[in-house]
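Chains as they are written, first to last, in the working numbering: chain D, 7 to 263; chain C, 1199 to 1212.
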C-alpha cells in the first residue's frame, strides 16, 4: 500500500516538466523515507537524480519499498490535467500494474483520478561516488538559464571556468565568440540573488549546451542553482526543492582524448 | 574538438 498526499501539487508538475525531456522512462523508488529516481538520458551523457523526502508530504504511507516504472511523457500528460493549486495524491497497491494520481481542487469541489499503466524498466542504478569539488558556484537559477540560452544561440558548447576573479561562461561558433563573467556578489537585498563562489582550486571544463539548456527546465523549482565542478568528473547542476529534496543533473564533460 | 564522454565512464554499475 502506497499513498502520498502532496498539498503543493504544482511541485510534482514542475519536477516532471524538468526531467521529462531528458529521460523517457524511469523507475520511481518508494521507501518510508521518501521517493527517488535515478536515470540516464538515452545517450548516456547525463544522469538525473531526484529526491523527495516524506517530510514534505502532508500524508505519506509506504508499507514496503517498491519500485514503479513510469513513462515520464505519459505521467506528465496526466499531471498536466491537475490544476496548479490542486492537491495531488499518488496511490498504488502491491503487485498492481497501475498507479493512480488523484487531484483535488483546494475547495474540494472537484476531485479527479487518473490511473496510469506502469511498465517494466531495466534500469541500471549507478553508484555516484562522493566527491570533493574544486569549485562550487551558487547563483540565481534564472540568471543561469539566461546565460545558457544566450550562449546556445552562438555555439554548441560552453566552457565554464572558475577562478578567484569569478565564473566565466564562454562559447564559440561560426558567427563569433561570447564570454560572460559573473563575479561573486553577496551584497544583494535578497540572498537568492547572490552569486557565491567557493573555490578550492581553479577549474575549467567544457560541456554541451544542449544538455545545460535542458537542465534549466528545472528553474521554476528553485530561485537558486548550484554548479559543482572538478576536473575529470561530471558537473553537478543542483536545484533544491524547498524542505523536500532536490533535482540533480550530472553531465559528463567534453574532453580531449 | 573535445569529445563527449559518457556518464558511464565516471559512475560505476554496481
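Using N, Cα and C, we set each Cβ at its ideal position, and we do this for glycine too.
As a quick exercise: from the options, pick the residue whose alpha carbon is nearest that of residue i.
i	options	result
residue 233 of chain D	D/167, D/250, D/108, D/83	D/167
residue 14 of chain D	D/34, D/54, D/29, D/58	D/58
residue 1207 of chain C	D/238, D/245, D/94	D/238
residue 229 of chain D	D/98, D/216, D/246	D/246
residue 1 of chain D	D/71, D/47, D/90	Lying before the first or after the last residue shown, residue 1 of chain D is absent from chain D, which here runs from 7 to 263.
residue 215 of chain D	D/203, D/178, D/250, D/207	D/178
residue 136 of chain D	D/28, D/235, D/249, D/161	D/235
residue 9 of chain D	D/51, D/29, D/50, D/71	D/71
residue 209 of chain D	D/141, D/250, D/203, D/162	D/141
residue 181 of chain D	D/162, D/197, D/205	D/162
residue 74 of chain D	D/33, D/111, D/96, D/39	D/33
residue 1211 of chain C	D/26, D/250, D/46	D/46
residue 184 of chain D	D/97, D/40, D/159	D/159
residue 80 of chain D	D/197, D/120, D/255	D/120
residue 207 of chain D	D/139, D/197, D/44, D/196	D/139
Contact check, residue i vs residue j under 8 Å by CB: the rounded distance?
i	j	result
residue 221 of chain D	residue 243 of chain D	5 Å
residue 87 of chain D	residue 37 of chain D	Going by Cβ atoms, the distance from residue 87 of chain D to residue 37 of chain D rounds to 27 Å, so no, they are not a contact pair.
residue 109 of chain D	residue 128 of chain D	Contact flag wrong, Cβ pair sits at about 31 Å.
residue 76 of chain D	residue 124 of chain D	6 Å
residue 62 of chain D	residue 205 of chain D	32 Å between Cβ atoms; not a contact.
Hey, is residue i's beta-carbon within less than 7 Å of any beta-carbon in chain C?
i	result
residue 233 of chain D	no
residue 212 of chain D	yes
residue 94 of chain D	no
residue 261 of chain D	yes
residue 218 of chain D	no
residue 46 of chain D	yes
residue 134 of chain D	yes
residue 50 of chain D	yes
residue 146 of chain D	no
residue 53 of chain D	yes
residue 240 of chain D	yes
residue 184 of chain D	no
residue 244 of chain D	no
residue 130 of chain D	yes
residue 258 of chain D	yes
Determine, using beta carbons only, whether residue i and residue j come nearer to each other than 7 Å.
i	j	result
residue 145 of chain D	residue 193 of chain D	no
residue 226 of chain D	residue 20 of chain D	yes
residue 42 of chain D	residue 31 of chain D	no
residue 60 of chain D	residue 22 of chain D	no
residue 157 of chain D	residue 213 of chain D	no
residue 54 of chain D	residue 28 of chain D	yes
residue 56 of chain D	residue 253 of chain D	yes
residue 84 of chain D	residue 105 of chain D	no
residue 143 of chain D	residue 203 of chain D	yes
residue 1205 of chain C	residue 65 of chain D	no
residue 218 of chain D	residue 154 of chain D	yes
residue 48 of chain D	residue 224 of chain D	no
residue 1203 of chain C	residue 259 of chain D	yes
Below 6 Å, is the gap between the Cβ of residue i and the nearest heavy atom of the ligand SAM?
i	result
residue 7 of chain D	The ligand SAM is absent from the structure shown, which contains no ligands of any kind.
| message | When you compare the segment 104-120 of chain D with the segment 148-157 of chain D, are there three or more beta-carbon pairs, one atom per stretch, that lie closer than 8 Å? | response | no
| task | Examine the Cβ distances between the segment 127-136 of chain D and the segment 91-109 of chain D and report whether three or more of them are shorter than 8 Å. | result | no
| query | Three or more C-beta pairs closer than 8 Å, one from the segment 167-186 of chain D and one from the segment 254-263 of chain D: is that the case here? | reply | no
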